[in-house]
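Chemist: The following block contains the structure, expressed as structure tokens.
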Amino acid sequence: MTGIHPKDHELLHYLNNRCPELETRRIRRHLNDCSFCRERLSAFLDVELALNELPLISAPAGMSERVLQALKTDARSGDGSSSLSPSDRVFRSEAARKPKRSSELMNGMVAIAATYLFIATGIIGKITSFSADGLESGVRNGAIQLYQAVETVSRHLLS
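According to full-length UniProt numbering, the sequence shown is numbered sequentially starting from 1.
Below, the structure is given as structure tokens:
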């Protein structure tokens with residue numbers, strides 16, 4: 001037996017030829033030495049073959065029309081939350097949170113832009129290279145430059 005046993009989903013990916021090349025080699029080497037995993041893979045293969053023998057079930061007649069009609073009715077009624085199942089309500093409430101993600105994304109982009117601006121303009125270098133003699137005036141000037149740069153970037157991003 002070599003290494004750790006592959007997980008079930010890894011064996012299924014191997015069985016369906018959906019593994020990356022390195023993972024395929026690792027699992028193949030492991031299967032050469034591990035009878036337990038070969039039995040597991042054989043069981044998965046038996047299940048796959050049994051599933052392939054089952055007939056396909058078609059949807060009842062008129063099913064797609066009923067679903068489309070229900071969707072149209074739900075869209076016309078506005079919220080339609082009374083006819084939704086609990087899982088659908090969770091999905092809708094997650095969709096309602098997207099503006100928050102959008103604002104978080106915007107804040108992150110502002111932070112990235114400000115960091116890039118500080119590095120590109122050398123403000124960080126100016127702040128770190130203050131002389132001991134003019135430390136007070138250097139800090140004051142550096143803070144003013146930093147404030148002006150942030151204000152300029154904020155104006156451009158918010159306009």
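All C-beta atoms, glycine included, are put in the ideal place defined by N, C-alpha and C. Keep in mind that this is a model prediction, so the values were computed, not measured.
1) Terminal residues of the continuous alpha helix (DSSP H) containing His13?
2) By the three-class DSSP mapping on this structure, what secondary structure does His5 have?
3) For a test of the three-state rule: what should DSSP assign to Arg18, helix, strand or coil?
4) Given this structure, state the Cα-to-Cα distance separating Met1 from Thr73, to the nearest angstrom.
5) Could you check which residue in Glu21, Thr115, Asp8, Ser77 has the C-alpha nearest to that of Ala43?
6) Could you check the C-alpha separation between Leu51 and Ile57 for me, to the nearest Å?
Modeler: So, from the data block:
1) 8-15
2) His5: coil per DSSP, three-state reduction.
3) coil
4) For Met1, the pLDDT reaches just 48, beneath the cut-off of 50, and the residue's location in the model is therefore unreliable, although a value from the coordinates is still provided. Each residue's Cα considered, the two are about 60 angstroms apart.
5) Asp8
6) 12 angstroms
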